[in-house]
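Asks: For the sequence shown, position 149 (counting from the first letter as 1) is numbered 149 according to UniProt numbering, and the numbering increases by one without interruption.
C-beta atoms are modelled at their ideal positions from N, C-alpha and C, and glycine is treated no differently.
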Amino acid sequence: MSSAEDEDLPVAGTAVILRDGARGIEVLLMRRPDRGSFARAWVFPGGMLEPGDRVAGAEESEDAGRAALRETAEEVRLALERLVLLSCWVPPEGIPKRVRTWFFLAEDPGTGAVAAEDEAVDVRWFAPDAALAANDAGEISLMPPTWRTLHGLLGAATVQEAFALARVPDPAVFRTRMEPSENGRIFYWDGDELAGGAPGARHRLVAEKPVWRYERV
Numbered sequence: 001m002s003s004a005e006d007e008d009l010p011v012a013g014t015a016v017i018l019r020d021g022a023r024g025i026e027v028l029l030m031r032r033p034d035r036g037s038f039a040r041a042w043v044f045p046g047g048m049l050e051p052g053d054r055v056a057g058a059e060e061s062e063d064a065g066r067a068a069l070r071e072t073a074e075e076v077r078l079a080l081e082r083l084v085l086l087s088c089w090v091p092p093e094g095i096p097k098r099v100r101t102w103f104f105l106a107e108d109p110g111t112g113a114v115a116a117e118d119e120a121v122d123v124r125w126f127a128p129d130a131a132l133a134a135n136d137a138g139e140i141s142l143m144p145p146t147w148r149t150l151h152g153l154l155g156a157a158t159v160q161e162a163f164a165l166a167r168v169p170d171p172a173v174f175r176t177r178m179e180p181s182e183n184g185r186i187f188y189w190d191g192d193e194l195a196g197g198a199p200g201a202r203h204r205l206v207a208e209k210p211v212w213r214y215e216r217v
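1. For the beta strand (DSSP E) that contains E208, what are its first and last residues?
2. Provide the residue span of the beta strand (DSSP E) that contains P180, from first to last.
3. CB-CB under 6 angstroms to H151, same chain, minus the five flanking residues each way: which ones, in chain order?
4. Throw me the rounded Cβ distance for the V27 and W125 pair, which I believe falls under 8 angstroms.
5. Compare the C-alpha of A156 against each of G24, L9, T14 and name the closest.
6. Got a sec? Which residues, its chain only, sit under 7 angstroms from R32 by beta carbon, not counting five neighbours each side?
7. Select from A162, A207, V55, G47 the residue whose C-alpha is nearest the C-alpha of A73.
8. For V217, is the classification buried or exposed, using 16 other Cβ atoms within 10 angstroms of its Cβ as the cut-off for buried?
9. What number of angstroms, rounded off, separates the C-alpha of residue 218 from the C-alpha of E71?
10. In terms of residues, what are the limits of the alpha helix (DSSP H) holding L150?
11. Look at the Cβ atom of R185, then the Cβ atom of A207, and state whether they are nearer than 8 angstroms.
12. Compute the distance between the beta-carbons of R148 and L83, then report whether it is under 8 angstroms.
13. Report back the beta-carbon spacing between R19 and D129 to the nearest angstrom; my notes put them in contact at under 8 angstroms.
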């Protein structure tokens, strides 16, 4: 991680649950209540690591996988072997609550999905491009890690293609920084010129209205 402070962050696990739909893959999103963390935002199911998720000698990502399973059990029941490690997100400094979160891909087991009491007020399946368009239209609100993850799924026509894209030796690590822009915010990661990369290098999400855009050069 980028600093000793980042090493000490609390940890969470999130499951990006996919299914094959009539027009391509669909992703399960749930809308948070009007209070608490990520109020009103549409997010992937998941939650904080608890003592019972920790196993002696296990990697942090493995413990986070157990947290993701436990936290998603109220919406969808998954098995540990269904999880494929996708990415790790380190939040920007200066925000009220910083949590290092591990993202996992999982295939929908077909058992149905319901909104967990106190955790979500709605649960819905979205095609990735439809969710991104709904965010731009102001119909839903996405957090940057959710937006970027959905954008990364645009190239997958099936769940198996999405899993193939995710099966790499090391997960992508997004050490997020942010700066205000004229019409919103810029969230950027390692490799971007704002993070010390070469002049003109881009690895960022420009979160501006009317359309958010991802830039990678």
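Replies: According to the data block:
1. 203 to 208
2. 177 to 181
3. Here the set comprises Y214.
4. 7 angstroms
5. G24
6. For R32, same chain residues with a beta-carbon under 7 angstroms away, outside a window of 5 residues either side, are F38, A39, R40, A41, V43, A120 in chain order.
7. G47
8. exposed
9. Residue 218 lies beyond the residue range present for the chain, which begins at 1 and ends at 217; the question has no answer from this structure.
10. Looking at the DSSP string, the run of the alpha helix (DSSP H) that includes L150 is 144 to 152.
11. By the CB criterion at 8 angstroms, R185 and A207 fall inside the cutoff.
12. Between R148 and L83, the CB-CB gap reaches or exceeds 8 angstroms.
13. Not confirmed; about 16 angstroms, so no contact.
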